[in-house]
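A.B. asks: I have a structure here, written as structure tokens, and I will follow up with some questions on it.
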Amino acid sequence: EAQVTQNPRYLITVTGKKLTVTCSQNMNHEYMSWYRQDPGLGLRQIYYSMNVEVTDKGDVPEGYKVSRKEKRNFPLILESPSPNQTSLYFCASSRVGGRPDNEQFFGPGTRLTVL
Amino acid sequence: QQQVKQSPQSLIVQKGGISIINCAYENTAFDYFPWYQQFPGKGPALLIAIRPDVSEKKEGRFTISFNKSAKQFSLHIMDSQPGDSATYFCAANPSGAGSYQLTFGKGTKLSVIP
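Respectively, the protein sequence lines represent chains A and B.
The first sequence begins at 9 in the working numbering and counts up by one.
The second sequence begins at 4 in the working numbering and counts up by one.
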């Protein structure tokens, strides 16, 4: 089954304790992206990656890091989480290639609470 | 700068009614306009999409209307059902370079009441 998986689905942590949210896709997609979803603010892009070893900032990258060492994986790293990073996080992937109708496939989400 | 403006933020419709969600954009390079549907506890999923060379696209009870000159597009849900209760995001992206980058509206939470 074609899918994007994220782990963990739920996480409660404390300020300053480093954490990683994993994302994996099995569709051989070049493009992967991380979003955060907050009430009234919609989906805001954190980072994205066009391919292995190619990453770029989205609209709200502060406080986050990413890496793309393998095509299928795109982990999101919070080195020193703060309460304002409490949010619902989504990973997404799609093909790349000129045509605009590249559907983005989203993971099930990770709800993060930073105390 | 919000490039895709979506309204309303929330919408309550009675079962059997028509739900209408509107979006407007400024960037004339946008060439594809998808709508994503998100159920509680799930990630968004593509619902329906339109290219600007047509003014309307219909899939079952869901219709996109597109007005290129006004740079506006809307989602109509006919005969709305409680199972349609979800958050809907309009989006846009360009052709060519950057076609993979979706710009999302802020979302509309639709509640269909029996």
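Don't be surprised by glycine CBs; every beta carbon is placed ideally from N, CA and C.
I need the DSSP call for residue 9 (chain B), collapsed to helix, strand or coil.
C.D. replies: strand
A.B. asks: Taking the runs of the beta strand (DSSP E) that are 3 residues or longer, which of them lie wholly in the region 44-116 of chain B?
C.D. replies: 48-53, 59-62, 65-70, 75-80, 89-97 and 111-116
A.B. asks: Of all the residues that make up the region 68-95 of chain B, which are near chain A by a beta-carbon distance shorter than 8 Å?
C.D. replies: 92
A.B. asks: How close, in whole Å, do the beta carbons of residue 123 (chain A) and residue 97 (chain A) come, if the pair is a contact with beta carbons under 8 Å?
C.D. replies: Not a contact, Cβ separation roughly 17 Å.
A.B. asks: Look at the alpha carbon of residue 25 (chain B) and the alpha carbon of residue 114 (chain B), and state the distance between them as a whole number of angstroms.
C.D. replies: 16 Å
A.B. asks: So residue 94 (chain B) packs on residue 78 (chain B), CB below 8 Å; how close in whole Å?
C.D. replies: At roughly 11 Å, the Cβ-Cβ gap does not stay under 8 Å, so residue 94 (chain B) and residue 78 (chain B) are not in contact.
A.B. asks: Taking CB distances under 7 Å as the criterion, tell me whether residue 28 (chain B) reaches chain A.
C.D. replies: no
A.B. asks: Does the Cβ-Cβ distance between residue 68 (chain B) and residue 62 (chain B) come in under 7 Å?
C.D. replies: Using a Cβ distance threshold of 7 Å, residue 68 (chain B) and residue 62 (chain B) do not count as a contacting pair.
A.B. asks: Can you tell me whether residue 93 (chain A) is helix, strand or coil according to DSSP?
C.D. replies: helix
A.B. asks: Taking contact to mean at least 3 C-beta pairs separated by less than 8 Å, is the region 60-73 of chain A in contact with the region 13-22 of chain A?
C.D. replies: no
A.B. asks: Over the uninterrupted beta strand (DSSP E) stretch that includes residue 50 (chain A), give me the two end residues.
C.D. replies: 50-59
A.B. asks: For residue 63 (chain A), does the three-state DSSP call read helix, strand or coil?
C.D. replies: strand
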